[in-house]
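Asks: Numbered per our numbering, the sequence shown finishes at 425, counting up by one with no gaps. Here a beta-carbon is modelled for each residue, glycine too, at the ideal position from N, C-alpha and C.
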Amino acid sequence: MEWRHACPRYFDDHLLYAGLPVVLSLSGGFSELGFTQIRCVLMGACNMTREIARAAIVSVGNELLFGETINSNAAWLGRALAEKGIVVSRGYTVGDARTSIQDVVWTATQFADLVIISGGLGPTTDDITRNAVADLFGRRLHRDESLLA
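1. Could you tell me the distance, in whole angstroms, from the CA atom of N407 to the CA atom of A384?
2. Of all the options Y368, F342, S422 and L353, which has the alpha carbon lying nearest to the alpha carbon of F387?
3. Cα separation between V364 and G371?
4. Cα separation between V391 and V380?
5. Are the CB atoms of T345 and I377 within a distance shorter than 8 Å?
6. Please say whether D403 and G396 have beta carbons closer to each other than 8 Å?
7. Can you name, in chain order, every residue of its own chain whose Cβ lies under 7 Å from the Cβ of G354, other than the five neighbours on each side?
8. Cutting at 6 Å between CB atoms, please list the residues of its own chain near L340, excluding the five before and the five after it.
9. From L412 to R374, what does the alpha carbon distance come to, in whole angstroms?
10. Taking only the alpha-carbon atoms, compute the straight-line gap between W382 and V409 and give it to the nearest angstrom.
11. Take the Cβ of L357 as the centre, count every other Cβ of all protein chains shown within 10 Å, and call the residue buried at 16 or more, exposed below.
12. Using a 10 Å radius around the Cβ and a threshold of 16 neighbouring Cβ atoms, would you call G337 buried or exposed?
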(Lines of atoms letter the chains of each structure in order from A; the text may use other names.)
(Lines give C-alpha, C1' and ligand atoms only; values in the text may rest on other atoms or scores of the structure.)
Protein backbone atom coordinates (compact mmCIF):
# COMPACT_ATOMS: atom_id res chain seq x y z
CA MET A 277 0.00 0.00 0.00
CA GLU A 278 1.34 3.43 -0.92
CA TRP A 279 0.47 6.89 0.35
CA ARG A 280 -1.06 9.00 -2.37
CA HIS A 281 -2.58 12.41 -2.78
CA ALA A 282 -6.35 12.53 -3.19
CA CYS A 283 -6.60 12.78 -6.93
CA PRO A 284 -9.33 11.61 -9.36
CA ARG A 285 -7.02 9.18 -11.13
CA TYR A 286 -6.80 7.01 -8.01
CA PHE A 287 -10.51 6.72 -7.31
CA ASP A 288 -13.53 5.53 -9.28
CA ASP A 289 -16.81 7.41 -9.03
CA HIS A 290 -15.68 9.45 -6.02
CA LEU A 291 -15.27 6.37 -3.83
CA LEU A 292 -12.55 6.01 -1.24
CA TYR A 293 -11.43 2.47 -0.55
CA ALA A 294 -11.24 1.28 3.04
CA GLY A 295 -7.68 0.94 4.19
CA LEU A 296 -6.23 3.23 1.49
CA PRO A 297 -4.37 6.08 3.19
CA VAL A 298 -4.58 9.34 1.27
CA VAL A 299 -3.15 12.79 1.78
CA LEU A 300 -5.13 15.88 0.87
CA SER A 301 -3.75 17.55 -2.22
CA LEU A 302 -2.20 20.94 -1.68
CA SER A 303 -4.96 22.46 -3.79
CA GLY A 304 -7.75 21.09 -1.58
CA GLY A 305 -8.68 18.24 -3.91
CA PHE A 306 -10.72 16.39 -1.29
CA SER A 307 -13.33 19.10 -1.02
CA GLU A 308 -13.56 19.44 -4.79
CA LEU A 309 -14.00 15.72 -5.46
CA GLY A 310 -16.95 15.33 -3.11
CA PHE A 311 -16.22 11.93 -1.59
CA THR A 312 -19.38 10.74 0.16
CA GLN A 313 -19.02 6.98 0.03
CA ILE A 314 -16.44 4.42 0.99
CA ARG A 315 -16.01 1.07 -0.68
CA CYS A 316 -15.21 -1.71 1.76
CA VAL A 317 -12.60 -3.85 0.05
CA LEU A 318 -10.05 -4.13 2.83
CA MET A 319 -8.15 -7.41 2.50
CA GLY A 320 -10.93 -8.79 0.31
CA ALA A 321 -13.23 -9.06 3.34
CA CYS A 322 -16.16 -7.55 1.51
CA ASN A 323 -16.99 -5.82 -1.72
CA MET A 324 -19.80 -3.36 -1.11
CA THR A 325 -20.35 0.36 -1.19
CA ARG A 326 -21.88 2.30 1.68
CA GLU A 327 -22.24 5.83 2.90
CA ILE A 328 -19.59 7.29 5.18
CA ALA A 329 -21.49 7.39 8.46
CA ARG A 330 -18.91 8.94 10.78
CA ALA A 331 -15.76 10.95 10.35
CA ALA A 332 -13.06 11.97 12.82
CA ILE A 333 -10.65 14.88 12.60
CA VAL A 334 -7.21 14.53 14.20
CA SER A 335 -5.32 17.82 14.60
CA VAL A 336 -1.60 17.52 15.31
CA GLY A 337 0.67 20.18 16.77
CA ASN A 338 2.02 21.42 20.08
CA GLU A 339 1.04 24.94 19.03
CA LEU A 340 -2.61 23.86 19.11
CA LEU A 341 -2.33 22.37 22.59
CA PHE A 342 -0.46 25.37 23.98
CA GLY A 343 -2.97 27.86 22.59
CA GLU A 344 -0.41 29.50 20.31
CA THR A 345 -2.51 28.78 17.22
CA ILE A 346 -6.27 28.64 16.76
CA ASN A 347 -7.37 25.37 15.15
CA SER A 348 -8.97 26.88 12.06
CA ASN A 349 -8.18 23.74 10.01
CA ALA A 350 -10.52 21.58 12.12
CA ALA A 351 -13.28 24.17 11.85
CA TRP A 352 -12.90 24.36 8.07
CA LEU A 353 -12.80 20.57 7.72
CA GLY A 354 -15.89 20.17 9.91
CA ARG A 355 -17.85 22.62 7.76
CA ALA A 356 -16.61 21.08 4.49
CA LEU A 357 -17.58 17.58 5.60
CA ALA A 358 -20.98 18.75 6.88
CA GLU A 359 -21.66 20.34 3.48
CA LYS A 360 -21.06 16.89 1.94
CA GLY A 361 -23.46 15.31 4.43
CA ILE A 362 -20.69 13.61 6.42
CA VAL A 363 -21.08 13.79 10.20
CA VAL A 364 -17.94 14.47 12.22
CA SER A 365 -18.51 12.33 15.29
CA ARG A 366 -15.16 12.95 16.98
CA GLY A 367 -12.35 15.45 17.02
CA TYR A 368 -8.93 15.07 18.60
CA THR A 369 -6.02 17.42 19.21
CA VAL A 370 -2.63 15.89 19.94
CA GLY A 371 0.90 17.22 20.35
CA ASP A 372 3.98 16.42 18.31
CA ALA A 373 4.81 13.15 20.11
CA ARG A 374 5.02 9.91 18.13
CA THR A 375 3.22 7.63 20.58
CA SER A 376 0.52 10.23 21.26
CA ILE A 377 -0.15 10.61 17.54
CA GLN A 378 -0.31 6.84 17.11
CA ASP A 379 -2.65 6.40 20.10
CA VAL A 380 -5.06 9.07 18.89
CA VAL A 381 -5.07 7.90 15.26
CA TRP A 382 -5.67 4.29 16.34
CA THR A 383 -8.54 5.38 18.60
CA ALA A 384 -10.06 7.46 15.79
CA THR A 385 -10.01 4.49 13.41
CA GLN A 386 -12.04 2.48 15.89
CA PHE A 387 -14.91 4.98 15.86
CA ALA A 388 -14.93 6.50 12.38
CA ASP A 389 -15.27 5.41 8.76
CA LEU A 390 -13.10 8.31 7.63
CA VAL A 391 -10.18 9.82 9.58
CA ILE A 392 -8.65 13.10 8.44
CA ILE A 393 -5.32 14.12 9.96
CA SER A 394 -4.30 17.77 9.83
CA GLY A 395 -0.93 19.11 10.93
CA GLY A 396 2.49 17.69 11.60
CA LEU A 397 3.03 17.12 7.89
CA GLY A 398 5.55 19.83 7.01
CA PRO A 399 9.32 19.79 6.47
CA THR A 400 10.48 20.60 10.02
CA THR A 401 11.91 18.06 12.46
CA ASP A 402 8.79 18.09 14.65
CA ASP A 403 6.58 17.09 11.70
CA ILE A 404 6.52 13.36 12.41
CA THR A 405 2.89 12.53 11.62
CA ARG A 406 3.56 10.73 8.32
CA ASN A 407 6.15 8.40 9.81
CA ALA A 408 4.16 7.81 13.01
CA VAL A 409 1.04 6.79 11.08
CA ALA A 410 2.96 4.69 8.54
CA ASP A 411 4.65 2.80 11.38
CA LEU A 412 1.35 2.38 13.23
CA PHE A 413 -0.17 0.56 10.27
CA GLY A 414 3.00 -1.21 9.15
CA ARG A 415 3.19 0.70 5.86
CA ARG A 416 6.04 2.38 4.04
CA LEU A 417 5.97 5.92 2.74
CA HIS A 418 6.20 6.42 -1.01
CA ARG A 419 6.98 9.71 -2.73
CA ASP A 420 5.13 9.99 -6.03
CA GLU A 421 7.36 12.31 -8.07
CA SER A 422 4.71 12.70 -10.78
CA LEU A 423 2.53 14.60 -8.33
CA LEU A 424 5.31 17.08 -7.64
CA ALA A 425 5.90 17.94 -11.30
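Replies: Considering the structure as presented:
1. For the purposes of this step, residue 407 is taken as the residue at position 131 of the sequence shown. For the purposes of this step, residue 384 is taken as the residue at position 108 of the sequence shown. Straight-line Cα distance between these residues: approximately 17 Å.
2. Indexing the sequence shown from 1 puts residue 387 at position 111. The shortest C-alpha separation from F387 is found at Y368.
3. Within the sequence shown, residue 364 is the residue found at index 88, counting from 1. Within the sequence shown, residue 371 is the residue found at index 95, counting from 1. Going by the C-alpha atoms only, they are around 21 Å apart.
4. The sequence position of residue 391 within the sequence shown is 115, counting from 1. The sequence position of residue 380 within the sequence shown is 104, counting from 1. If you take the alpha carbons of V391 and V380, they lie about 11 Å apart.
5. What you label residue 377 is simply residue 101 of the sequence shown in a count that begins at 1. What you label residue 345 is simply residue 69 of the sequence shown in a count that begins at 1. Not closer than 8 Å, so no.
6. Position 120 of the sequence shown, counting from 1, holds the residue named residue 396. Position 127 of the sequence shown, counting from 1, holds the residue named residue 403. Yes, Cβ-Cβ distance for G396 and D403 is below 8 Å.
7. Taking the sequence shown and counting its residues from 1, the one referred to as residue 354 is at position 78. Within the same chain, G354 has close Cβ partners I333 and V364.
8. By one-based count along the sequence shown, residue 340 stands at place 64. Contacts found: N347 and T369.
9. Within the sequence shown, residue 412 is the residue found at index 136, counting from 1. Within the sequence shown, residue 374 is the residue found at index 98, counting from 1. In a straight line, the C-alpha of L412 is about 10 Å away from that of R374.
10. Counting from one through the sequence shown, the residue named residue 382 turns up at place 106. Counting from one through the sequence shown, the residue named residue 409 turns up at place 133. Between W382 and V409, the C-alpha separation is close to 9 Å.
11. What you label residue 357 is simply residue 81 of the sequence shown in a count that begins at 1. That one is buried.
12. In the sequence shown, the residue the question calls residue 337 occupies position 61. The residue is buried, with at least 16 neighbouring Cβ atoms inside 10 Å.
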